[in-house]
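Note that my numbering gives residue 45 to position 45 of the sequence shown, counting from 1, and the numbers run on in steps of one.
Written out below as structure tokens is the structure these notes cover.
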Amino acid sequence: IYKTTDDQGRPVYHLPEDVTSFNVADRRIVVRGNVPPPVDMIDDVDAFIRALSDEGLLVEVIPSAKMSKSKKNVVDPMNIIAAFGADTARWFVMSDSPPERDVEWTASGAEAAFKHLSRVWALCSRIGEMPADHKGEGDQDLAKATAKAIDEVTKGIEGFAFNKAIASLYAFTNTIAKANASTGPMKEAIRTLAKLMSPMTPHIAESIWTYQGGVGLCAQAPWPKADPALLIDDTVTLPIQINGKRRAEISVPKDMPAAEVEKLALADEDVVRFLAGQPVKKIIVVPGRIINVVV
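Structure follows, in structure tokens:
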């Protein structure tokens with residue numbers, strides 16, 4: 001928000017395009033108008049700022065406030081839609097905060113949402129190019145992740161906790177991207193992802209659905225149901241700390257012996273990268289909680 005004060009001491013608000021920002025001696029100054037002064041000719045910065053203030057040209061920058069026409073800080077959603085598309089606008093608005101709380105609108109947030117949806121489409125394209133006879137070892141893990149995503153997203157939408165639903169979709173997307181599964185389960189997973197995304201991003205959801213062989217319209221397809229048997233969690237995800245800093249995580253069976261957990265932890269590619277050949281002095285496995293590696 002950009003504010004000055006009129007002769008009566010009343011606040012006057014300005015649009016971003018009506019002010020100019022520049023630096024003088026490592027100090028950021030914002031003034032009314034579109035032409036910055038010749039900063040190389042300013043000898044006394046404090047005197048210059050006082051003069052701007054006396055003339056009513058110095059603009060106070062307020063980091064954030066509730067959108068208001070009078071404060072001229074309203075964001076036109078059409079600008080976001082024109083730049084990134086309607087799906088991005090919806091995804092960003094619904095992902096950042098629950099409905100009952102305020103959300104701080106930032107251009108970077110919309111850009112991040114657009115990048116994620118672009119990544120989802122790239123993932124869809126990669127799966128579409130998989131050979132039909134490709135076999136993987138992670139079919140069951142992917143099926144469990146799919147059931148978990150269906151359960152969490154369904155509960156999030158039904159409870160109007162759209163940010164939680166979208167957080168689950170982020171996690172599910174990452175799982176699909178890393179999965180070592182056969183072509184059939186991968187296609188089923190990406191179609192399920194499209195269906196779960198469809199309330200928030202109907203356009204890209206329909207494109208993914210059609211590209212991956214979905215029957216009819218995604219919007220008219222039945223909502224997926226989670227297999228209760230696949231929701232039984234017999235694994236645990238353990239964070240791995242190296243010298244007190246979290247560097248990775250692994251999922252292991254809950255009853256796996258500590259010695260086997262140690263082997264898996266030390267074989268993890270992120271752990272190997274951070275160790276960089278350093279000898280391990282000690283490794284401590286806290287069952288069901290955490291793995292600590294000391295070098």
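All C-beta atoms in this analysis are idealised placements derived from N, C-alpha and C, irrespective of residue type, glycine included.
Nearest-angstrom Cβ-Cβ length linking residue i and residue j, presumed shorter than 8 Å
{"i": "A194", "j": "W209", "result": "5 Å"}
{"i": "K254", "j": "D234", "result": "6 Å"}
{"i": "L117", "j": "W91", "result": "6 Å"}
{"i": "I150", "j": "P224", "result": "5 Å"}
{"i": "F274", "j": "R246", "result": "The pair is not a contact, with the Cβ atoms about 10 Å apart (cut-off 8 Å)."}
{"i": "M94", "j": "N163", "result": "7 Å"}
{"i": "V293", "j": "V280", "result": "6 Å"}
{"i": "R191", "j": "G214", "result": "5 Å"}
Beta-bridge pairing of residue i - partner residues as DSSP gives them
{"i": "R246", "result": "Q241"}
{"i": "K282", "result": "V294"}
{"i": "T4", "result": "V12"}
{"i": "P228", "result": "Looking at the DSSP assignment, P228 forms no beta bridge with any residue, so it has no partner."}
{"i": "P253", "result": "T235"}
Start and end residues, alpha helix (DSSP H) containing residue i
{"i": "K195", "result": "183-197"}
{"i": "D270", "result": "269-275"}
{"i": "P77", "result": "77-84"}
{"i": "N163", "result": "162-178"}
{"i": "W223", "result": "From DSSP, W223 is part of no alpha helix (DSSP H); its letter is neither H nor E."}
{"i": "P202", "result": "202-211"}
Below 8 Å, can you find three or more Cβ-Cβ pairs linking the region 145-161 to the region 107-118?
-> no
With a cut-off of 8 Å, do at least 3 Cβ pairs link the region 235-255 to the region 271-287?
-> yes
4 or more residues per run - each alpha helix (DSSP H) lying fully within the region 101-144 | 107-128
Should the region 139-154 be regarded as contacting the region 124-131, the criterion being three or more beta carbon pairs within less than 8 Å?
-> no
Counting pairs of Cβ atoms below 8 Å between the region 196-210 and the region 165-173, do you hit three or more?
-> yes
Counting Cβ pairs, one atom from each stretch, are 3 or more of them under 8 Å apart for the region 118-128 and the region 186-193?
-> yes
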